[in-house]
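A.B. asks:
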Amino acid sequence: MSDATVIPVPAHYLAAGTRNTADEYATRYAESIANPDAFWAKEAQVVDWMKPFTQVKDVSFNPEDLRIKWFADGELNVAANCLDRQLAKRGDKTAIIWEGDDPRESRHITYRELHAEVCKFANVLTAKGVKKGDRVTIYMPMIPEAAVAMLACTRIGAPHSVVFGGFSPDSLAGRIEDCGSTVVITADEGLRGSKAVPLKANVDNAIRTPAGSGVTTVIVVRRTGGSVNWDNKRDFWYHDLMTGASADHAAVAMNAEDPLFILYTSGSTGKPKGVLHTTGGYLVYVTSTFANMFDLREDDVFWCTADVGWVTGHSYLLYGPLANGATTVMFEGVPQYPDWSRIGKVVDKHHVSILYTAPTAIRALMREGDGPTLESSRKSLRLLGSVGEPINPEAWNWYHRVVGDSRCPIIDTWWQTETGGVLITPLPGAVDMKPGSASRPYFGIKPAILDNDGSLMKGVCEGNLVITDSWPGQMRSIYGDHKRFAETYFNVFPGVYTTGDGARRDADDYYWITGRVDDVLNVSGHRMGTAEVESALVSHVAVAEAAVVGFPHDIKGQGIFAYVTLQEGHEPSEELRKALVIHVRAEIGPIAAPDQIQWAPGLPKTRSGKIMRRILRKIAANEFDGLGDTSTLADPSVVDSLVQGRRAEA
Ligand code: ATP
Ligand code: MG
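Here it is in structure tokens:
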């Protein structure tokens, strides 16, 4: 992970002209820090205001007097920005390209069509008694109606809470109860990799629990036609309600600080938090970041592979693209169905020019070798993005060389559900790339690194990543628990926003996310992020994916325990084990050499594809009971197989 690896944005890319040159980035960044009010007052004009604001920023990060407000006396509507204001210029432009689970199924929906659907559904919701401020739970597959439901909620000012369709009835019920919603929008079934997901049955089961018992209305989209149970008083077919609905609807003027949505974080680190975002600041921030970081052009076809159940699906599949009048691809399926060539084939089919995906997907594709990806031409691509976890340089290089044909710049975008939008990313054309580094802050973002005592570290250093001032997209509270909000994010180091992530800053002022602070290794007094050791392992030709955690060690205090998934075609052996230790030693140094390596056919991941090191730590420590909440795991059986493997070795 040498700081010396700098990959400039290619000349052919620059020749086409970019939104930000290196000089413009430097100037605008300096302005945004020197005078945030002036900068954001101007930048806020990327959206249309129904009533202009006169105040810009009103913020205190003091935990005793926590206050985060942006554009507080302005009024606007998110759906009106995403739809109505696009009609004059882009009415017939495709807003959403929907690609079904079955490769033979796809649909184009224009801005005009989407606008009409959203207006109708806004009228439907109103007729069902949903008022401004009421929370609506959305538990849907990746179908256009999910976008319609979200936009209709914003149109009437009802905050939505989207729950990922892969969550269990209990997880769904917990989230319904936490935000107190009485209306749930769902589908009969979802479809992923040709398998049906029983969404309506899950909703029925959730409502049967005490936590879900407050639900009075369930609106069901018919997706597969599979059989479902029906309660005539409570359940309504979406298509029945839409038939008589009017397509005339005036978007409600919302105050900038009115709640827009609640979104529960994926839960990699514990009990899910209902992250609350508000209307004005959020929309300004995602509209601005989307255009600049993807260096947006009018004819782009943008594909974000995230589910709408995650923040990436909110900010950069839906709101950011539509508020900019872009064409966004919504994919119902999974990358491995019908086979691993699917991603490339979807790119070719829809002439995707920007692909935004996660390291977990890139590593999975890489594990299959170049073959499946090379079945497509991918010549429409001009820019690639990564989000969700640190991207190992090896995976970065593969993404660059194979998926992007060594032609496309990559933006490694660091952010969180809490931040609403991206805070650290190279802007294409303005910032040279370094594989594995999220690089430089976005306009208005003031990152800093603190040591564990809270002292500011200067120059080249590694420690706790914090943000010292607010930005418009920042979360405003944890729904129903403002105290927890203050304690979680503003008490650890008073006066700043604590991200919970570790970072290193290099001599060029580039930021390298080292992993979650809770996961930091402490070997003989040396503190190390997980990302660096994992990346060293992944850089070995036999390794597809790796996760490292600390475990109790008599002499060192903590030893390094590595779980390693091998590349297709490689087999576990004692020799390979030794070779990997030597490899890490050579890449980083003796201090980082793993003490133990366990072969892992798969790693425990959250539903959004992130490695859950909390569980791996327990297994490494031989604590097989009390593995904690595993309900948000994508595949809980992975844990059993790792426990068995560990028991066999111990
Ligand atoms: P929870 O907070 O409930 O544990 P989570 O942190 O996984 O869940 P998200 O908000 O989806 O929920 O993820 C944000 C986290 O993902 C960041 O704090 C960081 O650890 C990681 N992350 C996201 N993007 C990047 C990136 N480009 N590089 C490194 N890490 C990233
Ligand atoms: Mg988090």
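Its first residue numbered 1, the sequence shown is counted upward by one per residue in UniProt numbering. Where is the CB? At the ideal position from N, CA and C, for every residue including glycine.
#1: If contact is defined by three or more beta carbon pairs under 8 Å, each pair taking one atom from either stretch, is the region 588-598 in contact with the region 606-614?
#2: Applying the 10 Å Cβ sphere with the 16-neighbour rule, what's the burial state of V221?
#3: So what's A16 in DSSP terms, helix, strand or just coil?
#4: Which stretch, first to last residue, makes up the beta strand (DSSP E) that contains F302?
#5: Considering only C-alpha positions, which residue in the set M140, A80, H249, A253 is nearest to K200?
#6: Report buried or exposed for Q644, applying the criterion of at least 16 other Cβ atoms within 10 angstroms of its Cβ.
#7: Identify whether F183 lies in helix, strand or coil by the three-state DSSP scheme.
#8: Checking 8 Å against the spacing of the C-beta atoms, do M150 and L322 come in under that value?
#9: Are the CB atoms of D84 and H115 nearer to each other than 8 Å?
#10: Where A152 and I411 are concerned, what is the direct C-alpha to C-alpha distance, given to the nearest angstrom?
#11: Pull up the DSSP beta-bridge partners for T278, would you.
#12: For residue 690 and D231, I'd like the C-alpha separation in whole angstroms.
#13: Between which two residues does the alpha helix (DSSP H) harbouring I362 extend?
#14: Taking contact to mean at least 3 C-beta pairs separated by less than 8 Å, is the region 546-559 in contact with the region 513-530?
#15: Do D307 and M142 have their beta-carbon atoms positioned less than 8 Å apart in this structure?
#16: Report the option in A364, T632, I354 whose CA atom is closest to the CA atom of D299.
#17: Along the chain, where does the alpha helix (DSSP H) that runs through D101 open and close?
#18: Looking at the structure shown, is G515 part of a helix, part of a strand, or coil, going by DSSP?
#19: Evaluate S168 with the Cβ neighbour count: other Cβ atoms within 10 Å of its Cβ, from every protein chain shown; 16 or more gives buried, anything less gives exposed.
#20: Taking the alpha-carbon positions, what's the A11 to L383 distance?
#21: Taking all protein chains shown into account, decide if H239 is buried (16 or more other Cβ within 10 angstroms of its Cβ) or exposed.
#22: Under DSSP, the beta strand (DSSP E) around R67 begins and ends at which residues?
#23: Closest to C82 by CA distance: which of V47, L642, I185 is it?
#24: Does the beta-carbon distance from Y13 to P428 come in below 8 Å?
#25: Mind checking which residues open and close the alpha helix (DSSP H) that includes V403?
#26: Which whole-angstrom value is the C-beta distance of V460 and A503, which I expect to be below 8 Å?
#27: F290 and N324: beta carbons closer than 8 Å?
#28: Can you look up G645 in the DSSP assignment and give me helix, strand or coil?
#29: Closest by CA to I555, which one among V347, V523, E575?
#30: Can you grab the Cα-Cα spacing for the pair G515 / I391, in whole Å?
#31: Which value, in whole angstroms, describes the spacing of the CA atoms of S2 and V584?
#32: Take every Cβ of the region 302-316, pair it with every Cβ of the region 55-73, and state whether three or more of those distances are shorter than 8 Å.
#33: Which residues bound the beta strand (DSSP E) around P433?
#34: Tell me which residues share the same chain as M242 and place their Cβ nearer than 6 Å to its Cβ, disregarding the 5 neighbours each side in the sequence.
#35: Is E532 a contact residue of the ligand ATP, with contact defined as CB to any heavy atom under 7 Å?
#36: Counting beta carbon pairs with one atom in the region 41-55 and one in the region 479-488, are three or more of them shorter than 8 Å?
C.D. replies: Let's see:
#1: Contact fails: fewer than three Cβ-Cβ distances are below 8 Å.
#2: One-based indexing of the sequence shown puts residue 221 at position 221. Label assigned to V221: buried.
#3: For the purposes of this step, residue 16 is taken as residue 16 along the sequence shown, with counting starting at 1. Three-state DSSP puts A16 in coil, outside helix and strand.
#4: For the purposes of this step, residue 302 is identified with residue 302 of the sequence shown, where counting begins at 1. It spans 301-304 - the beta strand (DSSP E) in which F302 sits, taken as one unbroken run.
#5: In the sequence shown, the residue the question calls residue 200 occupies position 200. Of the residues M140, A80, H249, A253, the one whose Cα lies closest to the Cα of K200 is M140.
#6: Locating residue 644 in the sequence shown gives position 644, where the first residue counts as 1. Burial is judged here by how many other beta carbons sit within 10 angstroms of a residue's own beta carbon; Q644 has fewer than 16 and is exposed.
#7: By 1-based counting over the sequence shown, the position of residue 183 is 183. Note that residue 183 is Val in the sequence shown here, rather than Phe. DSSP places V183 in strand when its eight states are reduced to three.
#8: As a working mapping, residue 150 is identified with position 150 in the sequence shown. As a working mapping, residue 322 is identified with position 322 in the sequence shown. With respect to the 8 Å criterion, M150 and L322 are not classified as neighbours on the basis of their beta carbons.
#9: On the sequence shown, residue 84 is found 84 positions in, with the first residue counted as 1. On the sequence shown, residue 115 is found 115 positions in, with the first residue counted as 1. H115 is positioned such that its CB atom lies closer than 8 Å to that of D84.
#10: The count along the sequence shown starts at 1 and reaches residue 152 at position 152. The count along the sequence shown starts at 1 and reaches residue 411 at position 411. Looking at the two C-alpha atoms, the distance is approximately 32 Å.
#11: Within the sequence shown, residue 278 is the residue found at index 278, counting from 1. According to DSSP, which records beta bridges pairwise, T278 is partnered with P259.
#12: Beyond the ends of the chain as shown, which are 1 and 650, falls residue 690; an answer cannot be given.
#13: Position 362 of the sequence shown holds residue 362. Per DSSP, I362 belongs to the alpha helix (DSSP H) from 359-367.
#14: Counting Cβ pairs under 8 Å, three or more are found: they touch.
#15: Walking along the sequence shown from the start, residue 142 turns up at place 142. Walking along the sequence shown from the start, residue 307 turns up at place 307. Yes, they are a contact pair.
#16: For the purposes of this step, residue 299 is taken as the residue at position 299 of the sequence shown. The candidate whose alpha carbon is nearest that of D299 is I354.
#17: One-based indexing of the sequence shown puts residue 101 at position 101. Membership of D101 in any alpha helix (DSSP H) is not indicated, and neither H nor E is assigned to it by DSSP.
#18: Translated into the one-based positions of the sequence shown, residue 515 becomes position 515. Strand, per DSSP.
#19: Within the sequence shown, residue 168 is the residue found at index 168, counting from 1. Exposed.
#20: Residue 11 sits at position 11 when you count from the first residue of the sequence shown. Residue 383 sits at position 383 when you count from the first residue of the sequence shown. Distance between the alpha carbons of A11 and L383 is about 14 Å.
#21: Walking along the sequence shown from the start, residue 239 turns up at place 239. When all chains shown are included, H239 counts as exposed.
#22: On the sequence shown, position 67 is the one that residue 67 refers to. For R67, the uninterrupted beta strand (DSSP E) segment begins and ends at 67-70.
#23: The residue given as residue 82 occupies position 82 in the sequence shown. The candidate whose alpha carbon is nearest that of C82 is V47.
#24: On the sequence shown, position 13 is the one that residue 13 refers to. On the sequence shown, position 428 is the one that residue 428 refers to. It is a contact, given that the beta carbons lie within the stated cut-off.
#25: Residue 403 sits at position 403 when you count from the first residue of the sequence shown. Membership of V403 in any alpha helix (DSSP H) is not indicated, and neither H nor E is assigned to it by DSSP.
#26: As a first step, residue 460 must be located in the sequence shown, where it is residue number 460. As a first step, residue 503 must be located in the sequence shown, where it is residue number 503. 12 Å between Cβ atoms; not a contact.
#27: Taking the sequence shown and counting its residues from 1, the one referred to as residue 290 is at position 290. Taking the sequence shown and counting its residues from 1, the one referred to as residue 324 is at position 324. Cβ distance < 8 Å, so F290 and N324 count as in contact.
#28: As a first step, residue 645 is located in the sequence shown; it is residue number 645 there, counting from the start. Of the three classes helix, strand and coil, the one that applies to G645 here is helix, per DSSP.
#29: Locating residue 555 in the sequence shown gives position 555, counting from the first residue. Minimum Cα distance to I555 is reached at V523.
#30: Within the sequence shown, numbered from 1, the residue matching residue 515 stands at position 515. Within the sequence shown, numbered from 1, the residue matching residue 391 stands at position 391. Cα to Cα, the separation comes out at about 10 Å.
#31: Here residue 2 is taken as the residue at index 2 of the sequence shown, counted from 1. Here residue 584 is taken as the residue at index 584 of the sequence shown, counted from 1. Per-residue confidence for S2 stands at a pLDDT of 47, beneath the threshold of 50, marking its modelled position as unreliable; no derived number is given.
#32: No: the two stretches stay apart, fewer than three of their Cβ pairs being nearer than 8 Å.
#33: Position 433 of the sequence shown holds residue 433. According to the sequence provided, residue 433 is Met. The question's Pro does not apply to it. Counting along the chain, no beta strand (DSSP E) covers M433, and no H or E run does either.
#34: As a position in the sequence shown, residue 242 is number 242, starting the count at 1. Contacts found: K120.
#35: What you label residue 532 is simply residue 532 of the sequence shown in a count that begins at 1. Remark: the C-beta of E532 is outside contact range of the ligand ATP, defined as less than 7 Å to any heavy atom.
#36: Counting Cβ pairs under 8 Å, fewer than three are found: no touch.
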